[in-house]
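Enquirer:
Residue numbers (our numbering), protein chains in the order written: chain A, 477 to 586; chain B, 519 to 865.
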């Protein structure tokens with residue numbers, strides 16, 4: 477991922493449930509594209525990082541340096557999508573649950 | 519073959535299953551993913567729902583949870599009674615609908631009427647219904663609920679009138695009021711019994727056909743109000759306790775965990791401590807077994823480490839000298855010569 481941009485953006489992450497030890501009861505999916513957000517939210521923040529108004533102000537305050545200890549805004553998930561998971565409950569009955577906010581669609585500086 | 523009519527019989531309003539008529543060529547493979555013994559109708563049905571709603575990105579029936587419940591067969595007064603344990607429904611799950619899915623076929627002990635001749639007047643062109651004595655035209659399906667650990671027969675929650683199909687058929691009925699009332703009263707053990715038991719319901723464990731293949735099941739569509747709360751995925755899917763009862767805590771014996779991933783993580787942390795304690799080169803010795811201490815640097819060619827990749831390449835003379843040192847080295851501990859150390863001390 478050396479070639480990925482330094483600025484806040486969505487990065488690829490595939491999560492295999494076997495890697496986190498949940499494959500014993502999750503029937504499907506075995507893995508899914510979760511993605512993650514990473515990168516800098518440096519001043520000045522471009523529109524592409526979709527800064528909130530608060531993040532813009534925080535970024536300016538930090539750049540001016542008048543208030544010590546104010547960090548950069550955080551690069552965090554903005555829009556997320558749900559994921560249906562088919563699994564066995566404790567009684568070995570099959571359950572389908574649609575979990576919200578399981579995969580990142582867009583990132584933003586907030 | 520016999521399963522197909524059962525799907526179309528499911529009430530679309532309750533299950534949102536209109537799309538189930540879509541071709542599903544991979545269902546056999548999907549059911550096989552559940553493992554042997556689980557390739558029953560409820561597993562196939564749940565896989566269909568999962569595939570449908572994963573593909574289209576909609577939630578099943580406007581809900582975010584579908585729970586299936588397999589039946590446990592018991593014989594009471596020579597009649598088959600199917601028991602459903604609904605106790606796994608969580609308090610946060612608001613039940614929207616519940617459907618009862620079952621397979622009915624004409625009993626074999628009653629005479630089959632296929633050989634009965636039609637009256638001569640109707641014999642041409644049209645099919646005729648048999649006039650031979652057969653099973654009752656209508657059956658009643660009785661639902662009772664009872665609290666856990668109860669020996670009583672249970673409270674009658676409802677009865678459904680069923681028409682006996684001319685051939686084996688999967689059917690579905692909406693039992694939402696029954697399940698909701700049972701839950702409201704805290705009686706989450708539900709029994710289903712036919713008032714006249716056809717052959718399909720009388721099969722016991724010794725029957726040639728696997729009972730699970732035709733056993734009835736219940737689907738509950740619910741809206742889990744807690745699913746949007748933080749960490750909801752871990753509440754339902756993370757099932758291991760980091761400090762299980764009866765086992766020592768990880769800090770007491772980091773390598774004693776039954777979980778290979780925990781064990782691997784512990785081993786990694788132990789390796790990470792190694793170079794700090796024994797002055798070994800970090801990254802060079804990652805794959806060596808503890809008992810192996812010989813000077814075999816050539817093996818590290820197989821496992822390029824960050825350390826080796828980033829180390830500046832020495833000159834030819836230096837490489838030759840280093841090669842000789844490697845042959846005689848007893849370990850991979852950095853070996854400073856005495857002159858260097860003396861200089862360092864003077865400085």
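Even glycine gets a Cβ: it sits at the ideal position worked out from N, Cα and C.
Remember, it's a predicted structure, so these values are computed and weren't measured experimentally.
Applying a beta-carbon distance threshold of less than 7 Å, which residues of chain A neighbour residue 757 (chain B)?
Expert: By Cβ distance, chain A contributes 501.
Enquirer: Measure how close the beta-carbons of residue 677 (chain B) and residue 659 (chain B) come, nearest whole angstrom, since I'm counting them as under 8 Å.
Expert: With 8 Å as the limit, residue 677 (chain B) and residue 659 (chain B) qualify as a contact, their Cβ atoms being about 7 Å apart.
Enquirer: Report the option in B:751, B:863, B:754, B:738 whose CA atom is closest to the CA atom of residue 604 (chain B).
Expert: The candidate whose alpha carbon is nearest that of residue 604 (chain B) is B:738.
Enquirer: Should the segment 607-619 of chain B be regarded as contacting the segment 694-714 of chain B, the criterion being three or more beta carbon pairs within less than 8 Å?
Expert: Taking 8 Å as the limit for Cβ pairs, the verdict is that the segment 694-714 of chain B does touch the segment 607-619 of chain B.
Enquirer: Ordered along the chain, which non-local residues of its own chain (more than five positions away) have a Cβ less than 8 Å from that of residue 545 (chain B)?
Expert: Low confidence applies here, because residue 545 (chain B) scores a pLDDT of 46, under 50, leaving its location unreliable and the question unanswered by this model.
Enquirer: Could one say the Cβ of residue 567 (chain A) lies closer than 8 Å to chain B's Cβ atoms, at least one of them?
Expert: At least one chain B Cβ lies under 8 Å of residue 567 (chain A).
Enquirer: Which value, in whole angstroms, describes the spacing of the CA atoms of residue 733 (chain B) and residue 588 (chain B)?
Expert: Each residue's alpha carbon lies about 8 Å from the other.
Enquirer: Taking only runs of the alpha helix (DSSP H) that begin and end inside the segment 495-555 of chain A, which ones reach a length of at least 4 residues, in chain order?
Expert: The segment 495-555 of chain A contains these whole alpha helix (DSSP H) runs: 529-540.
Enquirer: Between the C-alpha atoms of residue 550 (chain A) and residue 572 (chain B), what's the straight-line distance to the nearest angstrom?
Expert: Each residue's alpha carbon lies about 31 Å from the other.
Enquirer: So is residue 619 (chain B) buried or exposed if we call it buried at 16+ other beta carbons inside 10 Å?
Expert: Under this definition residue 619 (chain B) is a buried residue.
Enquirer: Using C-beta distances below 8 Å, list every residue in its chain close to residue 584 (chain B), excluding the 5 sequence neighbours before and after it, in chain order.
Expert: The answer, listed in chain order, is 564, 567, 578, 737, 738, 739, 740.
Enquirer: Going straight from the alpha carbon of residue 518 (chain A) to that of residue 486 (chain A), what length do you get?
Expert: Answer to the nearest angstrom: the Cα atoms are 16 Å apart.
Enquirer: With a CB to CB cut of under 6 Å and the five nearest residues on each side skipped, what residues in its chain are close to residue 777 (chain B)?
Expert: Bear in mind that the predicted position of residue 777 (chain B) carries a pLDDT of just 39, short of 50, making it too unreliable to give a figure here.
Enquirer: Check distances from the C-beta atoms of the segment 506-517 of chain A to those of chain B and list, in chain order, the residues that come in under 7 Å.
Expert: So the list is empty, because no residue satisfies the distance condition.
Enquirer: I think residue 705 (chain B) touches residue 665 (chain B), with their Cβ atoms under 8 Å apart; what is that distance to the nearest whole Å?
Expert: Their Cβ separation, rounded to whole angstroms, is 5 Å, which keeps residue 705 (chain B) and residue 665 (chain B) in contact under 8 Å.
Enquirer: On a CA-only basis, which of B:744, B:558, B:671, B:560 is nearest residue 592 (chain B)? Give me that one, please.
Expert: Checking every option, the nearest Cα to that of residue 592 (chain B) belongs to B:671.
Enquirer: Based on the DSSP output, what are the partners of residue 676 (chain B) in its beta bridges?
Expert: Looking at the DSSP assignment, residue 676 (chain B) forms a beta bridge with B:661.
Enquirer: State the Cα-Cα distance for the pair residue 530 (chain A) and residue 545 (chain A), rounded to the nearest angstrom.
Expert: Roughly 16 Å separates the two Cα atoms.
Enquirer: Assign residue 569 (chain B) to one of two classes, buried (16 or more other C-beta atoms within 10 Å of its C-beta) or exposed (fewer than that).
Expert: When all chains shown are included, residue 569 (chain B) counts as buried.
Enquirer: Name the chain A residues that come within less than 7 Å of residue 582 (chain B), Cβ to Cβ?
Expert: Residues of chain A passing the Cβ test: 573, 574.
Enquirer: Against chain B, with Cβ distances strictly below 8 Å, would residue 570 (chain A) count as a contact?
Expert: Residue 570 (chain A) counts as touching chain B.
Enquirer: What residues from chain B crowd round residue 485 (chain A), counting only those whose CB sits closer than 8 Å?
Expert: Within 8 Å Cβ-Cβ: nothing; residue 485 (chain A) doesn't reach chain B, min ~24 Å.
Enquirer: Of the residues A:567, A:584, A:505, which one's Cα is nearest the Cα of residue 494 (chain A)?
Expert: The option with the nearest alpha carbon to residue 494 (chain A) is A:505.
Enquirer: Exposed or buried, residue 573 (chain A), counting other C-beta atoms within 10 Å across all chains shown (16 or more means buried)?
Expert: Flag for residue 573 (chain A) reads buried.
Enquirer: According to the Cβ coordinates, are residue 537 (chain A) and residue 516 (chain A) closer than 8 Å?
Expert: No, the Cβ-Cβ distance between residue 537 (chain A) and residue 516 (chain A) is not below 8 Å.
Enquirer: Among all the DSSP beta bridges, which residues are the ones paired with residue 612 (chain B)?
Expert: Bridge partners of residue 612 (chain B): B:741.
Enquirer: What does residue 489 (chain A) pair with, by DSSP beta-bridge criteria?
Expert: DSSP output for residue 489 (chain A) lists no bridge partner at all.
Enquirer: For residue 749 (chain B), return the contacting residues in chain A, with the cut-off set at a CB-CB distance below 7 Å.
Expert: Result: empty, since nearest Cβ-Cβ is about 11 Å, beyond 7 Å.
Enquirer: Report yes or no: is there a C-beta of chain B within less than 8 Å of the C-beta of residue 563 (chain A)?
Expert: Output row for residue 563 (chain A): interface = yes.
Enquirer: Taking the alpha carbon of residue 690 (chain B) as the point to measure from, which residue in B:609, B:661, B:617 has its own alpha carbon closest?
Expert: Checking every option, the nearest Cα to that of residue 690 (chain B) belongs to B:617.
Enquirer: Count the other CB atoms, across all protein chains shown, that sit within 10 Å of the CB of residue 533 (chain A); report buried if there are 16 or more and exposed otherwise.
Expert: Burial call: exposed.
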